[in-house]
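Worksheet: the structure to be examined is printed underneath.
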Amino acid sequence: MEMNVAAAFTQEDQLMRATEALKEQGVLSLQADAYQGQAEAQLTSQWPPDAGTEPAPAAASYVLHVYVEKSRYRQAEDTLLKYGGQLLQP
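Residue numbering for the sequence shown is 100 to 189, as defined by this note's numbering.
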């Protein structure tokens, strides 16, 4: 079973380090989106697609979407946090 998790990053180097670490862990898929000067509502309206999400941090300029096997979900969350990501709630 696949699960997804998303995190907001304020710095590109943090995003890149998290991406490399997640690749080494064997995640199924990664997608990074960059946002510059867009409103918080636009940031959160795209991920996840359903309503009821918490807004991304105002300073976030990158969002990393990670698709992972259920057994590796917690590891992916920990990795995102380790590299400075702020988890976005589904």
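Think of the CB as a built atom: it goes at the ideal place given N, C-alpha and C, for glycine as much as any other residue.
What is the rounded straight-line gap between the Cα of Glu168 and the Cα of Ser128?
Looking up residue 168 in the sequence shown gives position 69. Looking up residue 128 in the sequence shown gives position 29. Cα to Cα, Glu168 sits roughly 10 Å from Ser128.
Given this structure, state the Cα-to-Cα distance separating Asp132 from Leu163, to the nearest angstrom.
If you number the sequence shown from 1, residue 132 lands on position 33. If you number the sequence shown from 1, residue 163 lands on position 64. Approximately 6 Å, taken between the alpha carbons.
Check Arg173 in the structure and name its three-state DSSP category.
Locating residue 173 in the sequence shown gives position 74, where the first residue counts as 1. The answer is helix: DSSP assigns Arg173 an H, G or I state.
Extent of the continuous alpha helix (DSSP H) to which Met115 belongs
Your numbering for residue 115 matches position 16 in the sequence shown. Taken as a continuous stretch (DSSP letters only), the alpha helix (DSSP H) holding Met115 covers Glu111 to Gln124.
So what does DSSP say about Leu179, is it helix, strand or coil?
The residue given as residue 179 occupies position 80 in the sequence shown. In the displayed model, Leu179 falls within a helix according to three-state DSSP.
Quick check: what's the CA-CA separation for Lys181 versus Lys122?
The residue labelled residue 181 in the question sits at position 82 within the sequence shown. The residue labelled residue 122 in the question sits at position 23 within the sequence shown. It is roughly 15 Å from the alpha-carbon of Lys181 to the alpha-carbon of Lys122.
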